[in-house]
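Undergrad:
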Amino acid sequence: MQISSYWQPGEFVSINLLPDVDLETFLNEQRNAHPNQSLKNTLAVHLPKRLVERLQQLGQIPDVSLKQLNVRDQQTLISTLTDWRVQPNGTEGYRTAEVTLGGVDTNELSSRTMEARKVPGLYFIGEVMDVTGWLGGYNFQWAWSSAWAVRRIWWQNKKQNALSIPEGLT
Numbered sequence: 001m002q003i004s005s006y007w008q009p010g011e012f013v014s015i016n017l018l019p020d021v022d023l024e025t026f027l028n029e030q031r032n033a034h035p036n037q038s039l040k041n042t043l044a045v046h047l048p049k050r051l052v053e054r055l056q057q058l059g060q061i062p063d064v065s066l067k068q069l070n071v072r073d074q075q076t077l078i079s080t081l082t083d084w085r086v087q088p089n090g091t092e093g094y095r096t097a098e099v100t101l102g103g104v105d106t107n108e109l110s111s112r113t114m115e116a117r118k119v120p121g122l123y124f125i126g127e128v129m130d131v132t133g134w135l136g137g138y139n140f141q142w143a144w145s146s147a148w149a150v151r152r153i154w155w156q157n158k159k160q161n162a163l164s165i166p167e168g169l170t
């Protein structure tokens, strides 16, 4: 979800398929322990077997045993699996969108008070700001939390008579 907020049509997305695995160490250890094992079965320890098979069909993973995997091919394999590049063919548009971008740039606001840096006394809250988050009601929490921050500073300013509050809004 988060990446879809920043992706532009025509751009590639780089995916590390094994972010928690030191692939070079793993392959070297497996080669020493099981030299005749197929690369496909070795990788299936960390990746879905069907994905490994598909990557083999696409020529991105060689169909060899571990002892047949030379240094150059191993480095290419590591690069492929840690920087797998795909190019999405588009989005489903706003009909199914979960996140949209836009709104007031948070760099233009105080992170403590949500006050505009260039227009003192002007505050922003919730989804009017350029803030994205995970699904699950977090947008509501952000709206309430940012409103609480503004209300807190507004109340402090009101007590100090620093703000003039129109009649009926107090």
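So for the sequence shown, UniProt numbering puts the first residue at 1; every next one is plus one. Cβ coordinates follow ideal geometry from the N, Cα and C atoms, glycine included.
On the premise that Arg31 lies in contact with Leu66, defined as a C-beta separation below 8 Å, what is that separation, rounded to the nearest angstrom?
TA: Right, the Cβ-Cβ distance comes to about 4 Å (below 8 Å), so this counts as a contact.
Undergrad: Between Asp22, Gly102, Tyr138 and Ile15, which lies nearest to Gln74 when the distance is taken from Cα to Cα?
TA: Looking at the Cα atoms, Asp22 is the closest of the given residues.
Undergrad: Within the continuous alpha helix (DSSP H) that includes Tyr155, where are the two ends?
TA: For clarity, residue 155 is Trp in the given sequence; the question names Tyr instead. Where Trp155 is concerned, the enclosing alpha helix (DSSP H) stretches over Tyr138 to Lys159.
Undergrad: Distance check for Arg151 and Asn89, CA to CA, integer angstroms please.
TA: Whole-angstrom Cα-Cα distance: 44 Å.
Undergrad: For the beta strand (DSSP E) that contains Arg85, what are its first and last residues?
TA: That run of the beta strand (DSSP E) goes Trp84 to Val86.
Undergrad: Taking the C-alpha atoms as reference points, what is the distance between Val128 and Ile15?
TA: Whole-angstrom Cα-Cα distance: 31 Å.
Undergrad: Can you give me the C-alpha to C-alpha distance between Thr132 and Ser111, rounded to a whole angstrom?
TA: Approximately 15 Å, taken between the alpha carbons.
Undergrad: Can you tell me whether Ile61 is helix, strand or coil according to DSSP?
TA: Coil.
Undergrad: By the 10 Å Cβ neighbour count, where 16 or more other Cβ atoms means buried, how is Glu11 classified, buried or exposed?
TA: Burial call: exposed.
Undergrad: Taking a contact to mean a Cβ-Cβ separation below 8 Å, would you say Leu58 touches Leu17 in this structure?
TA: No, they are not a contact pair.
Undergrad: If I follow the unbroken alpha helix (DSSP H) through Ala44, where does it start and stop?
TA: First-last for Ala44: undefined, no H or E at that position.
Undergrad: According to DSSP, simplified to helix, strand and coil, what is Val52?
TA: Reduced to three states, the DSSP call for Val52 is helix.
Undergrad: Throw me the rounded Cβ distance for the residue 195 and Leu55 pair, which I believe falls under 8 Å.
TA: Not covered by the structure: residue 195. The range shown for the chain is 1 to 170.
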